[in-house]
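Participant: Numbered according to this note's numbering, the sequence shown spans residues 1400 to 1756.
Could you have a look at this structure, given as structure tokens, before my questions?
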Amino acid sequence: MHLTQPVIALSQPSAEEALIHLKEVWKVFKMPAGTFEALKNINLSIRSGEFVSVTGKSGSGKSTLVNMITGIDRPTRGEVRVNGTLLNTLSEGALSVWRGHNLGIVFQFFQLLPMLSVLENVMLPMDFCNRYDPAEREERAMALLRRVGLEKVAHKLPAALSGGQQQCAAIARALANDPPILVADEPTGNLDSRTAVQIMEIFTDLVAHGKTLVMVTHDLRLAQQAHRVLVISDGELIHPAIVARWPHLSHPRMRLLNRHLRSLRLPPATPLPACRWAMVLEGSLHPHPRRRSFLARLTPLEVGQWRAFSRAEEATTYAAGSRGALVLLLDEAAWESLRRDAPDLIATLQTRHGGPA
Ligand code: ADP
Ligand code: MG
1400 MHLTQPVIAL
1410 SQPSAEEALI
1420 HLKEVWKVFK
1430 MPAGTFEALK
1440 NINLSIRSGE
1450 FVSVTGKSGS
1460 GKSTLVNMIT
1470 GIDRPTRGEV
1480 RVNGTLLNTL
1490 SEGALSVWRG
1500 HNLGIVFQFF
1510 QLLPMLSVLE
1520 NVMLPMDFCN
1530 RYDPAEREER
1540 AMALLRRVGL
1550 EKVAHKLPAA
1560 LSGGQQQCAA
1570 IARALANDPP
1580 ILVADEPTGN
1590 LDSRTAVQIM
1600 EIFTDLVAHG
1610 KTLVMVTHDL
1620 RLAQQAHRVL
1630 VISDGELIHP
1640 AIVARWPHLS
1650 HPRMRLLNRH
1660 LRSLRLPPAT
1670 PLPACRWAMV
1680 LEGSLHPHPR
1690 RRSFLARLTP
1700 LEVGQWRAFS
1710 RAEEATTYAA
1720 GSRGALVLLL
1730 DEAAWESLRR
1740 DAPDLIATLQ
1750 TRHGGPA
């Protein structure tokens, strides 16, 4: 089964809805030559059952980000909450037990233990977590191997398997304790494209059965099979609306726009503040009832639509609809700064209202 939904998410789920939540997460590496900010103020929410892909250039911080979610690495600042547990507060020992129950991790280079059979590799996490009755573990591991098409090679050593088979075995191992969350870091990075498609079929099937999947990949075609595509650029998480609306912007332009945008939640009927540009992420904006007669030419803005204003005051002729609105704004200073540094970006923002893509 393939997930073929277009990437249309303009905003993230709220912190309350999230199974995975990163709040103001920074990761700073200290090096002899100084410090390096690998993650810059990441705010990320992923809900249960979501399939989220993480894309970005090499060195942009993708692995650092997913290592925050798995607890393989810790944030320098900020909070990471996964499946109800605040990871910051756990000791290393508690973290590895927690990880065994909550997460399955799939790496680019499989990382199977070479001296153990494929079956023993899959049983290992069950032994470690003491999760299932010892008498059931072998049968359970065999069932997982059957699910990924490997029952015939269960008793072989990993080295006897092809790369694709080894990755399937690693997925079976990740599922050993039936964790709600799977995290895969470039799982197809070392596989040919046909094998990659088979791995993706296994993943999409797991998502269809309720698993939450976070997958790092370079491959945009694979990334777009997810419900939501995250873009990381130089340690910054690009706002989903930028990714959805202007996926072909250069990364420096995405970062520039990202830094200038401000999001704001408006209760029902609240006027839009003065600004030079606004996009609706949730709800809708309507010409202000009292001013409608003067401004008959203003049409409502629905989700995904945007508008540039020739004067900041003009924006206040709009107000949130009856369900309120979540909007993305560029205020006067941000607009003028972009006009100076990136006139091409201003042209893009002015082009059209941006109806549903
Ligand atoms: P990606 O997975 O997107 O290729 P990474 O998250 O591995 O990127 O790394 C992001 C940046 O952080 C890179 O510039 C990398 O060199 C740096 N980095 C990662 N881990 C460390 C570390 N342990 N010490 C110093 N720098 C690191
Ligand atoms: Mg990486």
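No residue lacks a Cβ here, since even glycine has one placed at the ideal position from N, Cα and C.
In this text the structure is predicted, and so the values were computed from the model without any measurement.
#1: Please indicate yes or no: does the CB of Glu1585 lie closer than 8 Å to some heavy atom of ligand 2?
#2: So, using beta-carbon positions, are Leu1700 and Phe1450 closer together than 9 Å?
#3: Please write down, chain order preserved, every residue whose beta carbon lies under 5 Å from a heavy atom of ligand 1.
#4: Identify the residues that DSSP records as bridge partners of Thr1454: which are they?
#5: Please classify Ala1732 as buried or exposed, where buried requires at least 16 neighbouring CB atoms within 10 angstroms.
#6: Going by beta-carbon coordinates alone, are Arg1639 and Arg1627 separated by less than 9 Å?
#7: Is the beta carbon of Glu1635 closer than 9 Å to that of Arg1652?
#8: Helix, strand or coil for Leu1402, going by three-state DSSP, please let me know.
#9: Buried or exposed for Glu1535, going by 16 or more other Cβ atoms inside 10 Å?
#10: Kindly provide the ranges of any beta strand (DSSP E) runs that are 3 or more residues long and lie completely inside the stretch 1580-1637, ordered along the chain.
#11: Starting from the Cα of Pro1557, find the closest Cα among Ser1516, Thr1454, Pro1431 and give me that residue.
#12: Tell me whether Val1702 sits in a helix, a strand or coil according to DSSP, three-state version.
#13: Taking only three categories from DSSP, how would you classify Ile1471?
#14: May I have the straight-line CA-CA distance separating Pro1405 from Ala1673, to the nearest angstrom?
#15: State the Cα-Cα distance for the pair Ala1559 and Ala1575, rounded to the nearest angstrom.
#16: Just to confirm my understanding: we take Gly1455, look at its own chain, exclude 5 residues before and 5 after, and list those with CB closer than 7 Å. What are they?
#17: If you scan the stretch 1492-1562 from start to end, which runs of the beta strand (DSSP E) of 3 or more residues do you find wholly inside it?
#18: How long is the line joining the alpha carbons of Pro1755 and Lys1429, rounded to whole angstroms?
#19: For Ala1741, which residues in the same chain have their Cβ closer than 7 Å to its Cβ, ignoring the five residues on either side in sequence?
#20: For the beta strand (DSSP E) that contains Val1731, what are its first and last residues?
#21: Ignore the nearest five residues each way along the sequence and tell me which others in Arg1658's own chain have a CB closer than 7 Å to its CB.
#22: Does DSSP put Thr1750 in a helix, in a strand, or in coil?
#23: Are Val1606 and Gly1433 closer than 9 Å when you measure CB to CB?
#24: Taking Ser1457 as the reference, which of Thr1698, Ser1709, His1617, Ala1417 has the closest Cα?
Facilitator: The structure says:
#1: yes
#2: no
#3: Phe1428, Ala1437, Ser1457, Gly1458, Ser1459, Gly1460, Lys1461, Ser1462, Thr1463
#4: Val1630
#5: exposed
#6: Correcting the residue identity first, residue 1639 is Pro in this sequence and not Arg. Taking 9 Å as the Cβ cut-off, Pro1639 and Arg1627 qualify as a contacting pair.
#7: no
#8: Residue confidence is low: Leu1402 scores 44 on pLDDT, short of 50, so the model does not pin down where it sits. No coordinate-derived value is stated.
#9: exposed
#10: 1580-1584, 1611-1615, 1627-1632
#11: Ser1516
#12: coil
#13: coil
#14: A caution first: Pro1405 carries a pLDDT of 47, below 50, which makes its placement in the model unreliable, though a value can still be read off. If I take the Cα positions, the gap works out to 33 Å.
#15: 21 Å
#16: Lys1461, Val1630, Ile1631, Ser1632
#17: 1502-1505
#18: The pLDDT assigned to Pro1755 is 42, lower than 50, so where the model puts this residue is not dependable; a value taken from the coordinates is nonetheless given after this. One C-alpha to the other measures close to 45 Å.
#19: Arg1652, Leu1655
#20: As written in the sequence, residue 1731 is Glu, which differs from the Val given in the question. Taken as a continuous stretch (DSSP letters only), Glu1731 belongs to no beta strand (DSSP E), being part of the alpha helix (DSSP H) at 1731-1740.
#21: none
#22: coil
#23: no
#24: His1617
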